[in-house]
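Enquirer: Taking UniProt numbering, the leading residue of the sequence shown gets 1, the next gets one more, and so forth. Sharing a structure here in structure tokens format.
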Amino acid sequence: MVSKRILHIHQDYPDGRVYPCTRAVANLIDAVENETRSIEHFVLSINRTSNPLNISIKKFDQGLSVVYWAIPLPYIYLPVMWLWSLIFLRLLKSSNFDLVHAHKLTTEGLVGEYIARKRGIPYVISVRGGSDSHNINRLPCCRKVFKRIAENAFHIFFVSPWMKNRYPDYFLNESNTKLPNICEYSKSVSNIDNRNNKYISVLSFHQYKRKGILPLIKSISLLRDEGFYVCLDVYGTGNAAYRKVISDYIEELGCQDQIDLKGEVPRDDLVSALKKSKGLLLPAANETFGMVYIEALMAGVPILYHQNTGVDGYFDDNDIGTKVASQDVFEIKDRVKELVLSNEFFSNQVNLLISSNDFDLFYTNNIVKEYLSVVGA
Numbered sequence: 001m002v003s004k005r006i007l008h009i010h011q012d013y014p015d016g017r018v019y020p021c022t023r024a025v026a027n028l029i030d031a032v033e034n035e036t037r038s039i040e041h042f043v044l045s046i047n048r049t050s051n052p053l054n055i056s057i058k059k060f061d062q063g064l065s066v067v068y069w070a071i072p073l074p075y076i077y078l079p080v081m082w083l084w085s086l087i088f089l090r091l092l093k094s095s096n097f098d099l100v101h102a103h104k105l106t107t108e109g110l111v112g113e114y115i116a117r118k119r120g121i122p123y124v125i126s127v128r129g130g131s132d133s134h135n136i137n138r139l140p141c142c143r144k145v146f147k148r149i150a151e152n153a154f155h156i157f158f159v160s161p162w163m164k165n166r167y168p169d170y171f172l173n174e175s176n177t178k179l180p181n182i183c184e185y186s187k188s189v190s191n192i193d194n195r196n197n198k199y200i201s202v203l204s205f206h207q208y209k210r211k212g213i214l215p216l217i218k219s220i221s222l223l224r225d226e227g228f229y230v231c232l233d234v235y236g237t238g239n240a241a242y243r244k245v246i247s248d249y250i251e252e253l254g255c256q257d258q259i260d261l262k263g264e265v266p267r268d269d270l271v272s273a274l275k276k277s278k279g280l281l282l283p284a285a286n287e288t289f290g291m292v293y294i295e296a297l298m299a300g301v302p303i304l305y306h307q308n309t310g311v312d313g314y315f316d317d318n319d320i321g322t323k324v325a326s327q328d329v330f331e332i333k334d335r336v337k338e339l340v341l342s343n344e345f346f347s348n349q350v351n352l353l354i355s356s357n358d359f360d361l362f363y364t365n366n367i368v369k370e371y372l373s374v375v376g377a
């Protein structure tokens, strides 16, 4: 028997259209449905277009998909989104909901708060650092509204807990918890003696700038000049043109014998490679979550990561590796060097972390339990 209906609002939902999407929210809904049938989920999937001729509305299995027109420019975006929120409200007029879950603070939050206020029902929000920090920075005229949305939310789920420290004035709402993305992990204590001398990096090649792969490669060449010979296997796939940018840079620096572009491999093979490696090197900026960091830690190896992004904020009390404040080549070089020199220490700390209960919040059953404790069943 259904006791609650939740309206989910998400801009990257897999609704059958050709727009970019992620399964993060779909995985959460699927996991909750596997746990209980007392909650009914309806998804309002919204996809932005800059061409008004592409506006369209269609139903799909889990709800309603809308391609809406908006231009993300200051002083234009907010009134346009309020107009669309009114349209969304009318499109949903025949449906009853008990709770709205806006799966980002910014765009989805604008829509979710409006619908919840007009319906007289509570709303919760998820905070996803990549998109939310981008919108907060580029839309100064919306910041007061974003703050109000966070302040008045029934609860805040932090997919990116580092956002609390980056924007402390936005998140004074005391009703909040960490809620990582769902992914199937298997943790294992790593045998340091069985490792090779290689480090791992993982990316889609078209994201090479955001992932910081070029400054990482440069830092490895600088370490070679200092007498530290770091070997790196780069896993991933993408357009041949982007791959060529990376391979040409490796050749330009004369690092062909240190850095190998391995291409795409099955997930199990990647996890196996991580377990045999000395660690993950990925100074990616503006990363919402970054599942590969968790996979590396659960494989028992330390990581180099970027602060105020990705998994930063989940392991503040643990020595899981080294982190950089920027993608500056010399800072990355120093942090890679620290990871090399103290690899045994960091590896032992990661193994201690694995043996503890600190990873429990990343398991599906605990994520679902936390979610249901807030939204109710």
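Just so you know, even glycine gets a beta-carbon here, dropped at the ideal spot from N, CA and C. For clarity, every value in this text was computed on a predicted model and none was experimentally measured.
Distance, Cα to Cα, P134 vs G310?
Expert: One-based indexing of the sequence shown puts residue 134 at position 134. One-based indexing of the sequence shown puts residue 310 at position 310. With the sequence shown as reference, residue 134 is identified as His, and Pro is not the correct amino acid for it. C-alpha separation (whole angstroms): 14 Å.
Enquirer: Where DSSP assigns a beta bridge to H306, which residues make up the other side?
Expert: One-based indexing of the sequence shown puts residue 306 at position 306. Bridge partners of H306: V324.
Enquirer: Leaving aside the five residues before and after residue 378 along the sequence, list all residues of the same chain whose C-beta is less than 7 Å from its C-beta, in chain order.
Expert: Coverage of the chain is limited to positions 1 through 377, which leaves residue 378 absent and any answer about it impossible.
Enquirer: Take the Cβ of D15 as the centre, count every other Cβ of all protein chains shown within 10 Å, and call the residue buried at 16 or more, exposed below.
Expert: Counted from its first residue, the sequence shown places residue 15 at position 15. D15 should be labelled buried.
Enquirer: Could you compute how far the alpha carbon of G109 sits from the alpha carbon of D312?
Expert: As a first step, residue 109 must be located in the sequence shown, where it is residue number 109. As a first step, residue 312 must be located in the sequence shown, where it is residue number 312. If you take the alpha carbons of G109 and D312, they lie about 23 Å apart.
Enquirer: In chain order, what residues of the same chain lie with their CB nearer than 7 Å to the CB of A285, ignoring the 5 residues before and after it?
Expert: Locating residue 285 in the sequence shown gives position 285, counting from the first residue. Once the five neighbours on either side are set aside, the close Cβ partners of A285 are R210, G212, H306, T309 and Q327.
Enquirer: So, does the segment 291 to 302 touch the segment 264 to 279, judging by three or more C-beta pairs under 8 Å?
Expert: Because the criterion of three Cβ pairs below 8 Å is met, the segment 291 to 302 and the segment 264 to 279 touch.
Enquirer: Along the beta strand (DSSP E) that carries R143, what are the first and last residues, could you check?
Expert: Locating residue 143 in the sequence shown gives position 143, where the first residue counts as 1. R143 -> not in any beta strand (DSSP E); alpha helix (DSSP H) instead, spanning R143 to N152.
Enquirer: Using beta-carbon positions only, say whether Y82 and A70 come within less than 8 Å of one another.
Expert: Translated into positions along the sequence shown, residue 82 becomes position 82. Translated into positions along the sequence shown, residue 70 becomes position 70. Here the sequence assigns Trp to residue 82, which means Tyr is not the residue at that position. Against a cut-off of 8 Å, the Cβ pair of A70 and W82 comes out as no contact.
Enquirer: Give me the residue from F345, Y363 and D334 with the minimum Cα distance to L222.
Expert: As a working note, residue 222 is residue 222 in the sequence shown. The shortest Cα separation from L222 among F345, Y363 and D334 belongs to D334.
Enquirer: Look at the Cβ atom of residue 378, then the Cβ atom of L89, and state whether they are nearer than 8 Å.
Expert: Outside the displayed span of the chain (1 to 377) sits residue 378, for which this structure offers no information.
Enquirer: Count Cβ pairs between the segment 28 to 37 and the segment 365 to 375 that sit closer than 8 Å; are there 3 or more?
Expert: Yes: the two stretches touch, three or more of their Cβ pairs being nearer than 8 Å.
Enquirer: Rank I55, V67 and K4 by C-alpha distance to the C-alpha of F42 and give the top, closest one.
Expert: In the sequence shown, the residue the question calls residue 42 occupies position 42. F42 has its Cα closest to that of K4, out of I55, V67 and K4.
Enquirer: Where do the ends of the alpha helix (DSSP H) carrying W84 lie?
Expert: Against the sequence shown, residue 84 aligns to sequence position 84. Looking at the DSSP string, the run of the alpha helix (DSSP H) that includes W84 is Y77 to L91.
Enquirer: In the structure shown, what three-state DSSP assignment does F362 receive?
Expert: Here residue 362 corresponds to residue number 362 of the sequence shown, with the count starting at 1. F362: helix per DSSP, three-state reduction.
Enquirer: Grab me the residues of V265's own chain with a C-beta within less than 7 Å of its C-beta, minus the 5 sequence neighbours each way, in chain order.
Expert: For this step, residue 265 is matched to residue 265 along the sequence shown. These residues qualify, in order along the chain: Y235.
Enquirer: Can you name, in chain order, every residue of its own chain whose Cβ lies under 6 Å from the Cβ of I149, other than the five neighbours on each side?
Expert: Mapped onto the sequence shown, residue 149 falls at position 149. G109 and E113, listed in sequence order.
Enquirer: Just verifying my parser: in three-state terms, what is the DSSP assignment at F42?
Expert: By one-based count along the sequence shown, residue 42 stands at place 42. In this structure, F42 counts as strand in the three-state DSSP scheme.
Enquirer: Does DSSP put K337 in a helix, in a strand, or in coil?
Expert: To locate residue 337, count along the sequence shown from 1; it is residue 337. Reduced to three states, the DSSP call for K337 is helix.
Enquirer: Tell me which residue opens and which closes the alpha helix (DSSP H) that K211 is part of.
Expert: Your numbering for residue 211 matches position 211 in the sequence shown. Where K211 is concerned, the enclosing alpha helix (DSSP H) stretches over Y208 to K211.
Enquirer: Do the segment 120 to 140 and the segment 91 to 101 make contact, defined as three or more Cβ pairs closer than 8 Å?
Expert: Segments in contact, yes.
Enquirer: Looking at the secondary structure, which residues open and close the alpha helix (DSSP H) in which N286 lies?
Expert: Walking along the sequence shown from the start, residue 286 turns up at place 286. Where N286 is concerned, there is no enclosing alpha helix (DSSP H), given that its DSSP letter is neither H nor E.
Enquirer: Do V292 and L282 count as a contact pair if the criterion is CB distance below 8 Å?
Expert: For this step, residue 282 is matched to residue 282 along the sequence shown. For this step, residue 292 is matched to residue 292 along the sequence shown. The answer is yes: Cβ separation under 8 Å.
Enquirer: Classify V301 as helix, strand or coil using the three-state DSSP reduction.
Expert: Translated into the one-based positions of the sequence shown, residue 301 becomes position 301. V301: coil per DSSP, three-state reduction.
Enquirer: So, at 7 Å on beta carbons, what are the nonlocal neighbours of A153 in its own chain, with the 5 sequence-adjacent residues on each side left out?
Expert: As a first step, residue 153 must be located in the sequence shown, where it is residue number 153. So the qualifying residues of the chain are Y123, V124, I125 and N173.
Enquirer: According to DSSP, what are the bridge partners of N47?
Expert: For the purposes of this step, residue 47 is taken as residue 47 along the sequence shown, with counting starting at 1. Answer is V67, bridged to N47.
Enquirer: Output yes or no for whether 8 Å exceeds the beta carbon distance between S347 and V301.
Expert: Working through the sequence shown from its first residue, we reach residue 347 at position 347. Working through the sequence shown from its first residue, we reach residue 301 at position 301. Going by C-beta atoms, S347 is nearer than 8 Å to V301.
Enquirer: Could you give the distance in angstroms between the alpha-carbon of I6 and the alpha-carbon of V145?
Expert: The count along the sequence shown starts at 1 and reaches residue 6 at position 6. The count along the sequence shown starts at 1 and reaches residue 145 at position 145. Roughly 23 Å separates the two Cα atoms.
Enquirer: At which residues does the beta strand (DSSP E) containing L261 begin and terminate?
Expert: Position 261 of the sequence shown, counted from the start, is the residue given in the question as residue 261. L261 -> beta strand (DSSP E) spans I259 to G263.
Enquirer: Roughly how far, in whole angstroms, is the beta-carbon of E40 from the beta-carbon of V80, given that I think they are within contact range, below 8 Å?
Expert: Here residue 40 refers to the residue found at position 40 when the sequence shown is read from its first residue. Here residue 80 refers to the residue found at position 80 when the sequence shown is read from its first residue. So it is not a contact: roughly 30 Å between Cβ atoms.
Enquirer: Sort I46, G227 and N366 by Cα distance to R17 and report the nearest one.
Expert: The residue you call residue 17 lines up with position 17 of the sequence shown. The shortest Cα separation from R17 among I46, G227 and N366 belongs to I46.
Enquirer: Quick check: what's the CA-CA separation for K337 versus E251?
Expert: In the sequence shown, the residue the question calls residue 337 occupies position 337. In the sequence shown, the residue the question calls residue 251 occupies position 251. Distance between the alpha carbons of K337 and E251 is about 22 Å.
Enquirer: How far does the alpha helix (DSSP H) with S272 in it reach, from first residue to last?
Expert: Within the sequence shown, residue 272 is the residue found at index 272, counting from 1. First-last of the alpha helix (DSSP H) with S272: R267 to K276.
Enquirer: For D248, is the classification buried or exposed, using 16 other Cβ atoms within 10 angstroms of its Cβ as the cut-off for buried?
Expert: Sequence index remark: in the sequence shown, residue 248 carries index 248 (1-based). The residue in question, D248, is exposed, as its Cβ has fewer than 16 Cβ neighbours within 10 Å.
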